[in-house]
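Numbered by my numbering, the letters in the sequence shown go through residues 164 to 475 in order.
Cβ coordinates follow ideal geometry from the N, Cα and C atoms, glycine included.
Notes for the one structure printed next.
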Amino acid sequence: MAEAWGRRRAVALTLAIELVLAGAVFGAARVTTPQLGPDFVDIAEVPVGATPAAVTAFSWDCGRDEIGHRNTANIVVTPRKAGPAHHVHEYVGNLSVDVGSTVEGLPGGGTTCPNGDESTYYWPVLRTVREGDGPHGGAIQVPASVTLTVYGNPRGPVLPMPRLLRGAVGDAYALTNGGALAAPVWSCQGAEQRRTLEYPICGAGQRVVRIFDFPSCWDGRQVDTEGHRRQLVPPVAGGGCPASTFAVPRLEIVVAYDIPQGTRFRIDTFDAQRHSPRTDHAFFVNLMPETLSRKIAACLNNTTPCPGPRGG
């Protein structure tokens with residue numbers, strides 16, 4: 164019996180040593196991982212979210228800003244005004260957006276979209292950061308891909324978006340505004356069901372992903388309002404629209420980047436927002452040709468086939 168107890172004790176001691184060694188190895192691996200900062204989270208530690216309701220979707224291509232269309236304008240919030248130099252927006256779609264632009268002057272400005280969509284879609288640039296970069300420094304990253312998708316409504320048919328409708332998602336001042344309008348969504352390509360408010364640490368071969376999911380319930384009357392929020396509001400639980408609003412196609416913009424593992428990155432923000440990922444935001448102004456807009460709505464309502472890549 165004493166011999167058996169001794170064998171059990173030896174096995175237990177061996178197992179304990181193995182666990183300690185394994186812990187040391189794991190700890191060493193964690194210690195040697197670059198410290199990216201408190202705004203970063205390992206995507207593997209983010210819980211998997213709920214699966215959304217299945218609805219018809221339509222995607223189209225407007226490029227990934229290969230041409231470098233960037234400036235400090237915000238044509239929805241402050242038309243004809245330049246913003247601070249450290250808060251740069253990136254655009255796809257309409258080619259004419261600049262610091263002197265107005266929404267009304269956009270039609271006929273040309274577009275990066277082969278289907279003729281002259282809408283403008285924009286968001287803050289993302290920069291990689293190295294040791295020694297100042298508070299507004301870093302190399303602007305060209306997206307590896309930009310995907311524009313509209314979805315139908317799970318509770319009923321959608322109306323075409325009205326021309327010149329403005330849409331906004333997220334809050335550039337979320338860190339100091341209390342966060343009520345914040346709507347940042349960060350993830351990694353191939354793991355989009357894991358969504359976080361923080362900058363994601365992605366696995367090998369995974370792209371960093373920003374997801375802008377816009378409101379989709381229109382008040383039926385206005386294309387813009389004070390504050391740029393009340394004309395287009397989010398659906399209620401279950402996907403239906405609040406009373407006195409009407410479902411329109413829900414726009415989702417997915418922007419992906421090739422960021423080397425262990426590299427710090429951040430979005431351009433206003434000074435007091437400290438490059439917080441929670442301040443991520445995007446805007447659009449709808450200038451899709453009305454014929455194409457009607458075709459897309461009919462496609463999402465499953466009444467006609469979806470249009471081709473050039474709108475036909």
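Here the alpha carbons of E294 and L327 stand approximately 43 Å from one another. Closest in C-alpha terms to D382, from the list A331, D431, S407, R370, comes S407. In this structure, the alpha-carbon of H444 lies about 22 Å from that of L199. Taking a C-beta distance under 7 Å as the contact criterion, E415 and T291 do not qualify as a contact pair.
Sixteen is the threshold: since fewer than 16 other Cβ atoms of the shown chains lie within 10 Å of the Cβ of K244, the residue is exposed. Rounded to the nearest whole angstrom, the C-alpha separation of V262 and G330 is 19 Å.
Put simply, the backbone Cα of N316 is about 30 Å away from that of Q369.
Burial is judged here by how many other beta carbons sit within 10 angstroms of a residue's own beta carbon; I430 has at least 16 and is buried. For C351, the enclosing beta strand (DSSP E) stretches over residues 349–351. The residue from F428, R441, R233 with its alpha-carbon nearest to that of G297 is F428. In this structure, A337 is the residue among Y420, A337, A213, T274 with its C-alpha nearest to the C-alpha of Q436. Where A337 is concerned, the enclosing alpha helix (DSSP H) starts and stops at 337–340. Counting only unbroken stretches of 3 or more residues, the beta strand (DSSP E) elements lying wholly within the region 394–447 are 413–420, 427–430, in sequence order. For T454, the uninterrupted alpha helix (DSSP H) run begins and ends at 453–463, by DSSP.
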